[in-house]
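J.: Under my numbering, the very last position in the sequence shown is 400; numbers go up by exactly one each time. The C-beta atom is built at its ideal place from N, Cα and C for all residues, glycine as well.
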Amino acid sequence: VVDLDGKKISKSSTYDKPVNAGHFVDKHGADLVRLWASSIDYTDDVPFSEEMFTRLGDTYRRIRNTLRILLGNLYDFEPGKQESGKENFTLVDRWILERLDHVIADCRSAYEAFEFHKVYHTLNHFCAVDLSSLYVDITKDRMYCDAQDSPRRRATQMVMHKIFDTLCRLLAPILAFTAEEAWRHSGAGGSVHLLELSQTQDRHDGASAQIAELLKLRGVIGQAIEHARQEKLIGNALEAAVVLFSDSDVTSKIDKEELEEFFILSDLTVHQGKEPSASVTKTSYKKCARCWRHRTAVGASKTHPDLCDRCESVVTALEKTAR
């Protein structure tokens, strides 16, 4: 065990600094100490410092927050009763399940080889990038604004339930208390520690390659939107009318609504072009008061003139139910 300078830590050289595990368990919690142990490659020098626990605290909160968000989105979902058919999966749903398969395979292989640091890095990246930055962000609109029982929303809940179940099982050997707490809060019953690790489902239909292309285009659109914001043309991305030029086959295979959801836009037009590029102006559509998207249908309804057609339909149904 060495400090950040690579100097060996021993009882005779700690100058009254605590070195026993009990002190750090009392101060940071057992799971954070377990997370530290899993984050290092024990075949090499083992770094140890208070600064490491501060950084690991951020990682722990990110993982815990991911579990919390998944649980929050599953509050009205009953597995086996409210599931939607797989035909309702969108491209981003199929992609995250494909990524989940890779995570399962990598973690199982790492556990079998006692390479716990690989499990740590794999799960941290999956929670921080694939889930928080992409999947959860992209599907937020359908989860919050679609009708409660809409096929698309229920399909997303199916995916999130599978992800939550898998994360709890894969995290259990490392974050023993956190995984058990999340599992019991889900109402699944029993203990996560009595379950086997998840198995891969061989979900490989090319979704990852398509998403990789869309992420490149997302970067092009993002640069154009940022330039428009600096020029004070728009306040945020949902106010933008984006014209995208691309030679990608993916954009021609996906409908406009799904592309707008993926890029988190209100108004997108796609044209064929050799080099990917995007231009941005301010959309002429009015803003929906419920979903904040700018849509052509806002103002068309006499009953709810401030809502888009999707939100007007949902609100009208809720009003009928409340009567």
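Please work out which residues of its chain come closer than 7 angstroms, Cβ to Cβ, to Gly299, disregarding the five sequence neighbours upstream and downstream, and give them in chain order.
T.: The residue given as residue 299 occupies position 222 in the sequence shown. There are no such residues.
J.: Whose CA, out of Ala265, Arg171 and Ala394, lies closest to the CA of His281?
T.: Taking the sequence shown and counting its residues from 1, one reaches residue 281 at position 204. If we check each option's Cα against that of His281, Arg171 comes out closest.
J.: Going by C-alpha distance, which of Gly376, Val196 and Leu321 is nearest Leu247?
T.: What you label residue 247 is simply residue 170 of the sequence shown in a count that begins at 1. Looking at the Cα atoms, Val196 is the closest of the given residues.
J.: Would you say Phe254 and Arg295 are within 7 angstroms of each other, going by their C-beta atoms?
T.: Position 177 of the sequence shown, counting from 1, holds the residue named residue 254. Position 218 of the sequence shown, counting from 1, holds the residue named residue 295. No, Cβ-Cβ distance for Phe254 and Arg295 is not below 7 angstroms.
J.: If I measure Cβ to Cβ from Asp207 and keep anything under 7 angstroms in the same chain, skipping five residues before and after, which residues do I get?
T.: Here residue 207 corresponds to residue number 130 of the sequence shown, with the count starting at 1. The residues are Ile173 and Arg176.
J.: In chain order, what residues of the same chain lie with their CB nearer than 7 angstroms to the CB of Asp153, ignoring the 5 residues before and after it?
T.: The residue labelled residue 153 in the question sits at position 76 within the sequence shown. Gln225, listed in sequence order.
J.: Measure the C-alpha to C-alpha separation of Ser263 and Arg132 and round it to an integer number of angstroms.
T.: Stepping through the sequence shown from its first residue, residue 263 is reached at position 186. Stepping through the sequence shown from its first residue, residue 132 is reached at position 55. So the alpha carbons of these two residues sit roughly 28 angstroms apart.
J.: Could you tell me if Ala249 is buried or exposed, where buried requires 16 or more neighbouring beta carbons within 10 angstroms of its beta carbon?
T.: Your numbering for residue 249 matches position 172 in the sequence shown. By the neighbour-count rule (16 or more Cβ atoms within 10 Å), Ala249 is buried.
J.: Please list the segments of the alpha helix (DSSP H) lying wholly inside the stretch 197-223, counting only runs of 4 or more residues, in order along the chain.
T.: 217-222
J.: Start and end of the alpha helix (DSSP H) containing Lys293?
T.: Here residue 293 corresponds to residue number 216 of the sequence shown, with the count starting at 1. Residues Ala284 to Gln307.
J.: Judging by CA-CA distance, which residue of Ser361, Cys365, Phe322 and Val357 is the nearest neighbour of Met314?
T.: As a first step, residue 314 is located in the sequence shown; it is residue number 237 there, counting from the start. One point to set straight first is that residue 314 is Ala, not Met, in the sequence displayed. Nearest C-alpha to Ala314: Val357.
J.: May I ask you to verify whether the stretch 113-120 touches the stretch 176-196, counting CB pairs closer than 8 angstroms and requiring at least 3?
T.: Contact between the stretch 113-120 and the stretch 176-196 is present, because at least three Cβ pairs lie under 8 angstroms.
J.: Go ahead and pull the three-state DSSP assignment for Val375.
T.: Residue numbering aside, residue 375 sits at position 298 when the sequence shown is read from its first letter. Secondary structure at Val375: coil, using DSSP grouped into helix, strand and coil.
J.: Note down the Cα distance separating Gly283 from Thr328, rounded to an integer number of angstroms.
T.: For this step, residue 283 is matched to residue 206 along the sequence shown. For this step, residue 328 is matched to residue 251 along the sequence shown. Their Cα atoms are separated by approximately 15 angstroms.
J.: Evaluate contact between the stretch 388-398 and the stretch 212-228, counting only Cβ atoms and requiring at least three cross-stretch pairs below 8 angstroms.
T.: yes
J.: What is the residue span of the alpha helix (DSSP H) that Thr358 lies within?
T.: Residue numbering aside, residue 358 sits at position 281 when the sequence shown is read from its first letter. Looking at the DSSP string, Thr358 is not in any alpha helix (DSSP H); the run it does join, the beta strand (DSSP E), is Ser354 to Lys359.
J.: Closest to Ile215 by CA distance: which of Glu334, His371 and Lys359 is it?
T.: As a position in the sequence shown, residue 215 is number 138, starting the count at 1. If we check each option's Cα against that of Ile215, Glu334 comes out closest.
J.: Return the bridge partner residues of Val347 from the DSSP annotation.
T.: By 1-based counting over the sequence shown, the position of residue 347 is 270. According to DSSP, Val347 bridges with Leu321.
J.: In this structure, does DSSP put Lys363 in helix, strand or coil?
T.: Here the question's residue 363 lines up with position 286 in the sequence shown. Strand at Lys363.
J.: Name the two residues that bound the continuous alpha helix (DSSP H) containing Tyr188.
T.: Within the sequence shown, numbered from 1, the residue matching residue 188 stands at position 111. Run containing Tyr188: Leu168 to Glu189, per the alpha helix (DSSP H) assignment.
J.: May I have the straight-line CA-CA distance separating Gly376 from Glu258, to the nearest angstrom?
T.: Walking along the sequence shown from the start, residue 376 turns up at place 299. Walking along the sequence shown from the start, residue 258 turns up at place 181. Taking the straight line from one Cα to the other gives about 46 angstroms.
J.: Cα separation between Leu148 and Lys364?
T.: The residue labelled residue 148 in the question sits at position 71 within the sequence shown. The residue labelled residue 364 in the question sits at position 287 within the sequence shown. Straight-line Cα distance between these residues: approximately 30 angstroms.
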